[in-house]
Amino acid sequence: MEYRYWSFMECHPAHAVLPLNAKNEAFEALSWAWTDRLLPSNQIVPAPFTQDECQELNSLLRSFSADQDGIQTRLVARILIRVAIWRQAFFRPNKPLPKDVVSSLTPIIRRRRPIVRGFFDVAISIVCLGIPYIFYERHTQHRMDEESNLRSASPMFIIGAGTCVVAAIVLSAAVTFLSFPGLVGVARIAGLITTLFASFSIAATLVAIFRYKADLVRNAPQIGEGLMWVSKRSFVFSLPMVFLAYAIIGFVVAIVFYYIKGPAPTNMFTIQNSIAYSTQWTTVSAFGAIAGILTMSALLFKL
Numbered sequence: 006m007e008y009r010y011w012s013f014m015e016c017h018p019a020h021a022v023l024p025l026n027a028k029n030e031a032f033e034a035l036s037w038a039w040t041d042r043l044l045p046s047n048q049i050v051p052a053p054f055t056q057d058e059c060q061e062l063n064s065l066l067r068s069f070s071a072d073q074d075g076i077q078t079r080l081v082a083r084i085l086i087r088v089a090i091w092r093q094a095f096f097r098p099n100k101p102l103p104k105d106v107v108s109s110l111t112p113i114i115r116r117r118r119p120i121v122r123g124f125f126d127v128a129i130s131i132v133c134l135g136i137p138y139i140f141y142e143r144h145t146q147h148r149m150d151e152e153s154n155l156r157s158a159s160p161m162f163i164i165g166a167g168t169c170v171v172a173a174i175v176l177s178a179a180v181t182f183l184s185f186p187g188l189v190g191v192a193r194i195a196g197l198i199t200t201l202f203a204s205f206s207i208a209a210t211l212v213a214i215f216r217y218k219a220d221l222v223r224n225a226p227q228i229g230e231g232l233m234w235v236s237k238r239s240f241v242f243s244l245p246m247v248f249l250a251y252a253i254i255g256f257v258v259a260i261v262f263y264y265i266k267g268p269a270p271t272n273m274f275t276i277q278n279s280i281a282y283s284t285q286w287t288t289v290s291a292f293g294a295i296a297g298i299l300t301m302s303a304l305l306f307k308l
């Protein structure tokens, strides 16, 4: 009902009188959005306005004269429409906005994705084994409740810790597997791939946790980039599990080929070379994981 009312006020600013408390409501919404960054809390829901928008809109509302009622009415209506859209998107996602109401702000959140973007999303979901959609559903199902207004970060840290531990176990098993005598051909290649993907999973886990902590104190994004923002988050959060899945697949393939073909004939010199080779790859994997953590963290903080 609120959305319908302010949409009508926006479309007909000269045919309706602005309610007495409407301007105060707009000021309160802008003030709350401004203080959301100054006094951050454990909330994943962003404010409906950015800091720059709060400053500009506050200055603009205070600058209106008595003979600018139409412009003032339209601006106040747009501010309160933004608040209504934000409230519906984050607190009442099961109650869609009325489709028979025309508003200039509605296309911002109902923008249709281009064909190229849709094809890219499908390709990414196939390469990532559909794991990003798990995190997208988790994000949509665990939005903040209207009354609690809080969301715990513990589940994400538990998932990250579990993924990191499993990746470390797979990495240790892969390095041990590479030290087996007579390991050649596809089995050795699959073992090396397992080592690399397990290292990438550990690095991506730390990056995903840093990204999640940054999102808790993130400044308010534009309300219109909600879908794109969720897609990026779900992709970043899914990377540790994607790398871990590929590491497990590679490890299984290595064991199967090693069992089918059996070890190649070896001697003592070959065994010594195998141990030295596995030690070398262990060192390379450790340095690769550290370099991946530092590189991805640097890129993350630049975004």
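Just remember that the numbering used here sits 5 ahead of the position in the sequence shown, which is counted from 1. The beta-carbon is built from N, C-alpha and C at its ideal position, and this holds for glycine as well. In this text the structure is predicted, and so the values were computed from the model without any measurement.
Item, Value
"Name the two residues that bound the continuous alpha helix (DSSP H) containing SER36.", "27-43"
"Restricting to Cα atoms, I'd like to know which of PHE256, SER36, LEU43, ALA208 is closest to ALA166.", "ALA208"
"Hey, out of PHE124, SER206, ILE174, TYR263, whose CA is closest to PRO186's CA?", "TYR263"
"With H, G and I counted as helix, E and B as strand and the rest as coil, what does DSSP make of PHE242?", "helix"
"If the criterion is Cβ atoms closer than 7 Å, does the pair ALA213 and VAL171 meet it?", "no"
"Would THR40 be called buried (16 or more neighbouring beta carbons within 10 Å of its own) or exposed?", "exposed"
"Just the C-alpha distance for LEU80 and TRP11, rounded to the nearest angstrom, thanks.", "10 Å"
"When DSSP labels each residue in this structure, what does GLY187 get in the three-state scheme?", "coil"
"Which of the three DSSP states, helix, strand or coil, is assigned to VAL133?", "Residue identity differs from the one stated: residue 133 is Cys in this sequence, not Val. Note: CYS133 maps to coil in three-state DSSP."
"Going by CA-CA distance only, name the one from ILE76, LEU188, VAL261, TYR251 that's closest to THR200.", "TYR251"
"ALA52 and VAL88: beta carbons closer than 7 Å?", "no"
"Along the chain, where does the alpha helix (DSSP H) containing VAL81 start, and where does it finish?", "74-96"
"Between MET14 and ALA94, is the Cβ-Cβ spacing less than 7 Å?", "no"
"DSSP three-state call for ALA52: helix, strand or coil?", "coil"
"Report all residues from its chain with a CB closer than 7 Å to the CB of ALA173; omit the five preceding and five following residues, and keep chain order.", "ILE207"
"When you compare the CB positions of MET246 and THR181, do they come within less than 7 Å of one another, or not?", "no"
"Classify ILE265 as buried or exposed, calling it buried when 16 or more other Cβ atoms lie within 10 Å of its own Cβ.", "exposed"
"Buried or exposed for SER177, please, with buried defined as at least 16 other CB atoms from any protein chain shown within 10 angstroms of its CB.", "exposed"
"Just verifying my parser: in three-state terms, what is the DSSP assignment at SER204?", "helix"
"Determine the closest residue to SER130 out of VAL191, LEU244, PHE96, with distance taken between C-alpha atoms.", "LEU244"
"Consult DSSP for LEU23 and reduce its assignment to one of helix, strand or coil.", "coil"
"Could you check how far apart the C-beta atoms of PHE202 and GLY255 are, in whole angstroms? I think they sit under 8 Å.", "6 Å"
"Given a cut-off of 7 Å on the beta-carbon distance, is the pair THR78 and LEU25 in contact?", "no"
"So, PRO137 versus SER36, is the Cβ gap smaller than 7 Å?", "no"
"Look at the alpha carbon of VAL175 and the alpha carbon of LEU197, and state the distance between them as a whole number of angstroms.", "12 Å"
"Which one of SER70, PHE32, ASP74 has the shortest CA to CA distance from GLN60?", "PHE32"
"Per DSSP, what kind of secondary structure is TYR263 in: helix, strand or coil?", "helix"
"Classify ASP150: buried if its beta carbon has 16 or more other beta carbons within 10 angstroms, exposed otherwise.", "Residue placement at ASP150 is poorly supported in this model, since its pLDDT is 40, which falls under 50; the coordinates still yield a value, given next. Label assigned to ASP150: exposed."
"Suppose the cutoff is 6 Å on Cβ atoms and the five residues either side in sequence are ignored; what does the same chain contact list for ALA27 look like?", "VAL81"
"What number of angstroms, rounded off, separates the C-alpha of VAL189 from the C-alpha of ARG42?", "57 Å"
"What three-state label does DSSP hand SER177 in the structure shown?", "helix"
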